[in-house]
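The structure under discussion appears below in the form of structure tokens.
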Amino acid sequence: MAEGKTRTGRPRDLSIDHAVREAALTSLAEVGYRGLAMEAIARQAGTNKPAVYRRWPSLAALVLDGLAARLGDVRPPDTGCTICDLSDAIKLHLNVFRRMPPDALAALLADCNADPALRETFMATLFRPPRDAVAQVLDTAIGRGDLRADADRELLLDLLASLVHYRALFGHAATTDAQVEEAVHTLLRGVANDYDHLVAISRAEAGDPLFHPHVAAEKS
109 MAEGKTRTGR PRDLSIDHAV REAALTSLAE VGYRGLAMEA IARQAGTNKP AVYRRWPSLA
169 ALVLDGLAAR LGDVRPPDTG CTICDLSDAI KLHLNVFRRM PPDALAALLA DCNADPALRE
229 TFMATLFRPP RDAVAQVLDT AIGRGDLRAD ADRELLLDLL ASLVHYRALF GHAATTDAQV
289 EEAVHTLLRG VANDYDHLVA ISRAEAGDPL FHPHVAAEKS
């Protein structure tokens, strides 16, 4: 080998990475987390089990990587409408969990808890992004004067972000968009400086001053 040169292996085939992630998430939706098998995922992706294990050391690592790719770099909205932005920030992440069977999140967390590094990956992938998105919207709303300065930010953050995780983790019920919106309204009634003004902005954001889906419950 010539001096100064290093031998490199065959470049990693990223199409295999994508195919395996998609196969894992498809299987997750079909058979649940406990029904996953590396061999079946590899076969569905058109590769073999050793190729999968070269990329991911465990099923949990593979599923987390697939979910991270599906989430992508999700940024919270900033439309100037606190009601809309809080609701949409929650629903952006909730949509990912809706594609998972009821038992999947709890089973995945149980496997990750045995490995501190894997648990940290779980938190960084599935716990912090929804919470951080809601935090950004809350901080913007507080800075804009929409929310009371004495509101307990951390408590509000946990109450709102838990809408993403609580039912997904325990699997006892689904969370609808209407329930997300109602929860946001319920909390904002207590911490908004002028709740009626925020409702008016929400209606105007929809382009209809008389009706907005976020406040449909109030019109019934």
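Heads up: the sequence shown is residues 109 to 328, going by this note's numbering.
Just so you know, even glycine gets a beta-carbon here, dropped at the ideal spot from N, CA and C.
Owing to the predicted nature of the structure, the values given are computational and were not obtained by experimental measurement.
Inter-residue distance for L265 and L246 is about 8 Å (C-alpha atoms, whole angstroms). The beta carbon of L213 is closer than 6 Å to those of A276 and L277 in its chain, skipping five residues each way along the sequence.
With respect to I149, V139 sits apart: the two C-beta atoms are not nearer than 8 Å. Rounded to the nearest angstrom, the Cβ distance from I198 to V288 is 5 Å, consistent with a contact under 8 Å.
When DSSP reads this structure, L202 sits in no beta bridge, so it has no partner.
Within the DSSP secondary-structure output, A300 pairs in a beta bridge with L255. Between P238 and A269, the C-beta spacing is below 8 Å. 8 Å or more divides the Cβ of H201 from the Cβ of F235.
Look at C220 here: in three-state DSSP terms it is helix.
A check of alpha carbon separations from L255 across N156, A132, N301 and R129 identifies N301 as the nearest. In the three-state scheme derived from DSSP, where H, G and I count as helix and E and B as strand, D121 is classed as coil.
DSSP places H280 in the coil class of the three-state scheme, outside both helix and strand. A straight line joining the alpha-carbon of A176 with that of W164 spans about 14 Å. Under the three-state reduction of DSSP output, D193 falls in the helix class.
Sequence-distant partners of D219 (beyond 5 residues in either direction) whose C-beta falls short of 6 Å from its own C-beta, in its chain, are A168. Leaving aside the five residues that flank T248 on each side, the residues in its chain whose CB is nearer than 7 Å to its CB run, in chain order, D186. Exposed is the label assigned to P158, since fewer than 16 other Cβ atoms lie within 10 Å of its Cβ. For A259, the CB contacts under 6 Å within the same chain, skipping 5 residues up- and downstream, are V299 in chain order. Annotation: S166 to L263 spans about 35 Å, alpha carbon to alpha carbon.
Contact check for I191 and V292: beta-carbon distance about 6 Å, within the 8 Å limit, so the pair qualifies. R142 is positioned such that its CB atom lies no closer than 8 Å to that of A222.
DSSP, read as helix, strand or coil, puts R311 in helix.
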